[in-house]
Amino acid sequence: MAALMELMGVTKVYSRGLVARTTTVALRDVSLTLNQEEPTIMTVAGESGSGKTTLAMLLLGFITPTNGTILYKGRDISRLSGDEKVTFRREVQAVFQDPFAVFNPFYTVDHLLSVPIRRFHLARTRNQARDRMVEALTAVGLHPDDVLGRFPHQLSGGQRQRINVARALVLKPRLLVADEPVSMVDASLRASILETLRGLQRDHGVSILYITHDLTTAYHISRSIIVLYRGSVMEAGDTDSVITTPEHPYTRLLIDSIPWPDVDRRWGETKIKAKEGEAGDNAPGCKFASRCPFAMDKCKVTPPFFRLAEHHAASCYLMEKHPTMDSAQLSDLLPT
Amino acid sequence: MAENPVLEVSDLRVSYYTDAGRAIALDGASLALRPGEKLGLVGESGSGKSTMALAMMRMIKPPGRIENGRVVVAGTDLMALSEEQMLKARLSRIAYIPQGAMNSLNPVMRVGAQMADAIKAHETRSSKADIEERCRQTLESVDLKRSVFELYPHELSGGMKQRVCIAIDILLKPRLIIADEPTSALDVVTQRQVMETINRVQKQIGAAVILIGHDMGLMAQFVDKVAVMYAGRLVEISSVRQIFTNPLHPYAQALISSLPRLENKGVFQGIPGLAPSLLRLPGGCAFHPRCSRAMEKCRTVRPNLLDQTDGRSVACHLFTKGVS
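Shown next, in the form of structure tokens:
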């Protein structure tokens with residue numbers, strides 16, 4: 001199977017300061033593959049500071065990795081030629097968190113959607129361009145007459161976010177990086193945006209990387225999930241196993257903290273250890289050890305991945321009895 | 337009712353006068369809360385949740401105007417107070433945690449100074465040492481270290497800043513705390529910690545809480561009663577269990593069935609249609625254009641919020657056997 005997007009041992013370190021350099025490892029040795037043939041929805045989950053937005057920025061080519069390489073269709077994205085770069089920009093699209101901040105208030109929706117069409121020469125005539133806009137808007141469940149010719153302030157948050165998806169869609173992308181696309185949207189509108197994303201994957205063959213801290217929506221939309229904590233992968237696998245039978249103490253804490261809209265399912269009793277200072281940030285070993293109720297001496301050495309089931313792996317010594325696996329093989333176990 | 341209500345809102349109405357006309361953002365809202373009770377106020381954005389909170393604090397700014405109603409907190413009608421008295425009532429009787437409260441801390445003032453300010457504005461006689469000790473104790477009660485008193489806001493994480501805001505709110509032991517989406521910018525683990533903190537301090541000081549938000553999951557975990565708003569009107573007030581297991585108002589029903597749960601994986605059921613503009617509200621029941629059970633009457637006659645026999649209130653023509 002040919003890889004669409006491939007991350008190989010990617011690490012991103014941010015440093016600051018001239019004399020006394022302090023460094024923050026935002027992402028540590030992450031390997032990940034998205035296939036070309038089978039479009040999928042993959043979730044990257046984690047709390048703030050887990051490195052999930054860094055991962056999105058890397059995939060979009062906005063920043064370059066400190067170590068490791070990112071390949072798009074087999075080519076290193078930091079060394080693309082001019083033409084390849086244009087193709088990459090067209091085929092890898094993004095939807096960001098805040099539908100209120102990304103629009104220029106002076107331009108109408110038409111302008112917003114026609115810029116990419118002109119820029120990438122996707123239509124020869126005005127009518128062709130309009131057809132393309134109408135097609136994209138219909139695909140995200142908007143009535144073109146309702147939104148074309150309008151200014152952003154005349155639209156609701158849900159409409160704006162769907163226009164963002166439509167804007168990405170006019171380019172017929174292969175990969176959509178959606179960074180918290182529904183966290184700013186009303187609960188009643190969330191459902192329709194998620195349904196739109198799923199339709200893209202099902203009907204238009206777009207792979208989606210869904211970045212979120214909301215495991216409820218992740219559970220509903222994605223096939224596979226990767227749980228990040230301070231830049232390291234804690235647990236990965238198919239969404240059903242990870243969410244219904246989480247094994248890593250961090251994932252268990254996350255799942256336990258989901259406020260389910262169900263009066264009979266109370267918040268768990270797991271005691272939460274307050275977050276400790278940033279001092280231990282660059283210490284070797286398991287990143288979660290300082291907050292982990294099961295922390296042992298050997299947690300000072302980074303645990304390998306243990307394969308728990310065909311589609312489920314976790315990086316924790318509590319799973320020691322299972323066979324280990326190479327972190328580079330991680331995406332092999334994710335279902336597509 | 338065994339205990340006297342700590343909060344009684346009756347017929348509260350707020351309008352915004354804009355160039356395009358008058359928008360009634362809150363239309364005749366009435367509700368009551370007992371001491372220690374926790375109420376969730378839910379609804380889509382623009383349904384009037386935050387307007388209601390601001391009106392109760394008397395913090396509506398022009399072009400908005402509070403046109404009618406009473407807000408009685410522990411026996412005092414806030415609407416009848418002078419500006420001066422209202423200043424004193426804020427924080428000491430009724431406290432408000434605004435949306436994104438953590439960004440409201442002054443970045444160039446130490447946390448302790450901002451907390452001490454709150455006390456000094458209400459009590460002129462307290463000594464400096466006494467104020468400092470109270471601030472440090474309050475910080476401890478929201479699970480922060482006493483030393484946070486000397487720190488600047490930028491030295492704290494989002495969850496810690498939110499705790500500082502909660503600490504400021506409970507400094508003067510108010511009878512009612514209104515929290516407007518206190519955790520919307522926080523991730524799930526921090527959110528749970530902050531909500532558990534609010535829960536504990538609320539019990540300690542015996543205050544009633546109004547939690548505003550659209551995260552129904554949080555409501556299910558935290559509140560006792562839920563009030564559902566639609567287009568500036570309260571459409572249903574029920575216990576949290578009733579709302580989740582047997583919602584009455586068709587809008588509440590649609591809201592509940594749109595929620596993602598573990599059991600119904602992959603089913604997304606949004607609410608059809610869009611929220612109406614407050615400038616052009618449909619006649620009769622504001623929800624009728626989106627309602628699957630709308631009747632002829634719904635187009636013309638506006639339903640009132642009626643008490644039902646089981647202690648709930650609903651504003652819908654389907655439920656007319658009110659007892660009031």
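Protein chains in written order, with the numbering used here: chain A, 1 to 336; chain B, 337 to 660. Even glycine gets a Cβ: it sits at the ideal position worked out from N, Cα and C. Quick caveat: nothing in here was measured; it's all calculated off a predicted structure.
Candidates the options: closest to residue i by CA position
| i | options | result |
| --- | --- | --- |
| T412(B) | A452(B), F580(B), N442(B) and I430(B) | I430(B) |
| T533(B) | G549(B), A515(B) and H550(B) | A515(B) |
| R499(B) | L512(B), V537(B) and V409(B) | V537(B) |
| H550(B) | P518(B), A543(B), Q578(B) and R511(B) | P518(B) |
| S224(A) | T23(A), Y72(A) and N35(A) | N35(A) |
| Y14(A) | M8(A), Y250(A) and L55(A) | L55(A) |
| V576(B) | L508(B), N640(B), G647(B) and G609(B) | G647(B) |
| Y587(B) | I506(B), M531(B), L654(B) and K497(B) | L654(B) |
| S241(A) | E38(A), V109(A), V25(A) and E310(A) | E310(A) |
| C316(A) | L330(A), S331(A), G285(A) and R126(A) | G285(A) |
| I548(B) | T636(B), A356(B), G382(B) and G542(B) | G382(B) |
| V147(A) | D203(A), L113(A), V170(A) and L175(A) | L113(A) |
Span of the alpha helix (DSSP H), counted from its first residue to its last, around residue i
| i | result |
| --- | --- |
| Y250(A) | P249 to D256 |
| A452(B) | V447 to H458 |
| R89(A) | G82 to E91 |
| L333(A) | From DSSP, L333(A) is part of no alpha helix (DSSP H); its letter is neither H nor E. |
| G158(A) | G157 to L169 |
| N535(B) | V524 to I541 |
| I506(B) | G494 to I506 |
| M42(A) | It is not in any alpha helix (DSSP H) - M42(A) instead sits in the beta strand (DSSP E) that spans I41 to A45. |
| L59(A) | K52 to L59 |
| G553(B) | M552 to F558 |
Residue i in three-state terms, based on DSSP
| i | result |
| --- | --- |
| V407(B) | strand |
| E344(B) | strand |
| L122(A) | coil |
| I430(B) | strand |
| Q605(B) | coil |
| Y14(A) | strand |
| I225(A) | strand |
| T217(A) | helix |
| K321(A) | coil |
| H312(A) | strand |
| E180(A) | coil |
| A279(A) | Residue confidence is low: A279(A) scores 40 on pLDDT, short of 50, so the model does not pin down where it sits. Its coordinate-derived value is still stated next. Helix at A279(A). |
| G149(A) | coil |
| V140(A) | coil |
Residue burial classification, residue i (beta-carbon count within 10 angstroms, cutoff 16)
| i | result |
| --- | --- |
| D186(A) | buried |
| R569(B) | buried |
| A279(A) | Per-residue confidence for A279(A) stands at a pLDDT of 40, beneath the threshold of 50, marking its modelled position as unreliable; no derived number is given. |
| D76(A) | exposed |
| K287(A) | buried |
| L362(B) | buried |
| E276(A) | Unreliable positioning characterises E276(A) in this predicted model, as indicated by a pLDDT of 47, which lies under 50. A coordinate reading is not provided. |
| L595(B) | buried |
| S418(B) | exposed |
| Y107(A) | exposed |
| A651(B) | buried |
| E235(A) | buried |
| Q421(B) | exposed |
| M337(B) | Confidence in M337(B) is poor, its pLDDT being 46 and thus under 50, which makes the residue's placement too unreliable to answer from. |
| D505(B) | buried |
| L615(B) | exposed |
Unbroken beta strand (DSSP E) run spanning residue i, endpoints
| i | result |
| --- | --- |
| T33(A) | T22 to N35 |
| T212(A) | S207 to T212 |
| R569(B) | R569 to S575 |
| A236(A) | S232 to D238 |
| D363(B) | G357 to L369 |
| L377(B) | K374 to V378 |
Contacts that residue i makes with chain B (C-beta to C-beta distance below 7 Å)
| i | result |
| --- | --- |
| E235(A) | Neighbours of E235(A) on chain B: none; closest Cβ ~15 Å, over 7 Å. |
| L253(A) | V525 |
| A191(A) | S594, F604, Q605 and G606 |
Where residue i meets chain B, residues with beta-carbon distance less than 8 Å
| i | result |
| --- | --- |
| R266(A) | Q557 |
| V263(A) | A556, V576, R577, F580 and T581 |
Chain-ordered neighbours of residue i on chain B, where CB pairs are closer than 9 Å
| i | result |
| --- | --- |
| V242(A) | Under the 9 Å cutoff, chain B gives no residues; its nearest Cβ is about 13 Å from V242(A). |
| P259(A) | V524, Q527, R528, M531, D551, M552, G553, L554, M555, A556, Q557 and F558 |
Contact set between residue i and chain E, taken where Cβ atoms lie within less than 8 Å
| i | result |
| --- | --- |
| V86(A) | The question asks about chain E, but that chain is absent: this structure's protein chains are A and B. |
Partners in chain A for residue i, counting only beta-carbon separations shorter than 7 Å
| i | result |
| --- | --- |
| M445(B) | The contacting residues do not exist; M445(B) stays about 23 Å from chain A at best. |
| L610(B) | S156 |
| G376(B) | Result: empty, since nearest Cβ-Cβ is about 11 Å, beyond 7 Å. |
9 Å Cβ cut-off: residues of chain A touching residue i
| i | result |
| --- | --- |
| G647(B) | Within chain A, no residue comes near G647(B); the closest Cβ sits about 16 Å away, beyond 9 Å. |
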